[in-house]
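Report on the structure given below.
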Amino acid sequence: MSEQAPKPNSMADVLSRLSDKRPVQIQIAQLKAHLTNTIKTLQSSLMTEMTNLKANVLTNQASNEKVLNDFAETLRQYDIENQNLARLIYRFFEEIDAIWKVLGKDRTCNTVLREHRIAEGIIKEEEEEEEEEEEEEEEEEEEEEEEEEEKHEEVPEAATWATLVADDAYEISQPYPYQIRNKETGKVLTPVLNNLGHLNLNLRNYGSISMGRLVGMQWVPNPYKKTRVRHIDGDKLNNRKENLEWF
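Under full-length UniProt numbering, the first residue of the sequence shown is numbered 1, with each subsequent residue one higher.
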């Protein structure tokens, strides 16, 4: 007996094998409705997320704008404070200039002060040029005065020199007034009056030292190893060795 070809499945056979016995058209319609609801749900969720994200962006933008505004305000306050500080500094310069005038030396027109006055409209550029010329003249006069002082400070030929005890890089002369000079360069040092009323020098190896202490170390006996020098007559500018003692 020859084999027979299988019979094709009928629609009834196909439907009989489906687990869901409802008509296929109904199942398709229900699946479509389910997919539609799912898509709508996803769209709704996506819109919600986008709305929240947009709200966050707007909030952050507002926060950033506030930060920028606060920063700009801080910079503005700093600018005002800097201007106030500059005015205080310029007033300080003016007071210093006034003190110099009282002392008989006109040292006005510091460069910074002039620039401030020009910026504030207090003086004009022409006035600044005139003041610069006056300052140059004053500098020339000061240089001439310094040259004259150097001439007066020249040590007489009769002076004798000895190595300085406090710092052997220097020499000290006799007689009084004692001069201190650099051994290498021969330059004579000029003592400066300090805030205690003593004449003071700055030596390369020793550092800062008063003329009284320097002279005391040089010539005044100190058998008891005292550490301080005083002026017998009370005159801090009288640094003769005879006027000094250790205590």
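Positions of the beta carbon are idealized from the N, C-alpha and C atoms, including for glycine.
Please read these numbers as outputs of a predicted model, since none were measured by experiment.
Excluding the five sequence neighbours on either side, which residues of its own chain have a C-beta within less than 6 Å of the C-beta of residue i, listed in chain order?
i, result
"residue 254", "The structure shown does not extend to residue 254, since the chain spans only 1 to 247, so no value can be given for it."
"residue 222", "246"
"residue 41", "none"
Note the first and the last residue of the continuous alpha helix (DSSP H) segment covering residue i.
i, result
"residue 201", "Note, residue 201: premise wrong, no alpha helix (DSSP H); beta strand (DSSP E) at 199–203."
Taking only the alpha-carbon atoms, compute the straight-line gap between residue i and residue j and give it to the nearest angstrom.
i, j, result
"residue 135", "residue 82", "29 Å"
"residue 183", "residue 169", "6 Å"
"residue 188", "residue 79", "49 Å"
"residue 235", "residue 185", "32 Å"
"residue 138", "residue 145", "10 Å"
"residue 203", "residue 162", "16 Å"
"residue 73", "residue 86", "20 Å"
"residue 224", "residue 158", "34 Å"
"residue 167", "residue 143", "30 Å"
"residue 70", "residue 54", "24 Å"
"residue 46", "residue 67", "31 Å"
"residue 33", "residue 60", "40 Å"
"residue 52", "residue 28", "36 Å"
"residue 133", "residue 91", "23 Å"
"residue 152", "residue 140", "Any reading at residue 152 is ruled out, since the residue's pLDDT is 48, under 50, leaving its predicted position unreliable."
"residue 76", "residue 101", "37 Å"
"residue 57", "residue 31", "38 Å"
"residue 88", "residue 63", "37 Å"
"residue 96", "residue 131", "17 Å"
"residue 65", "residue 50", "22 Å"
"residue 220", "residue 84", "55 Å"
"residue 38", "residue 26", "18 Å"
"residue 181", "residue 171", "5 Å"
"residue 35", "residue 48", "20 Å"
How far does the beta strand (DSSP E) with residue i in it reach, from first residue to last?
i, result
"residue 207", "207–210"
"residue 188", "First-last for residue 188: undefined, no H or E at that position."
"residue 245", "244–246"
"residue 230", "229–231"
"residue 174", "170–174"
"residue 166", "First-last for residue 166: undefined, no H or E at that position."
So which of the options has the shortest CA-CA distance to residue i?
i, options, result
"residue 242", "226, 223, 218", "218"
"residue 237", "140, 57, 212", "212"
"residue 197", "231, 222, 58, 179", "231"
"residue 164", "210, 202, 214, 193", "214"
"residue 216", "178, 37, 244, 224", "244"
"residue 179", "71, 43, 240", "240"
Which same chain residues, not among the five before or five after residue i, have their C-beta less than 8 Å away from its C-beta?
i, result
"residue 160", "173, 174"
"residue 200", "191, 192, 193, 194, 208, 209, 210, 211"
"residue 98", "none"
Excluding sequence positions up to five away, which residues of its chain have a Cβ less than 7 Å from the Cβ of residue i?
i, result
"residue 233", "243"
"residue 176", "240"
"residue 226", "246, 247"
"residue 205", "167, 169"
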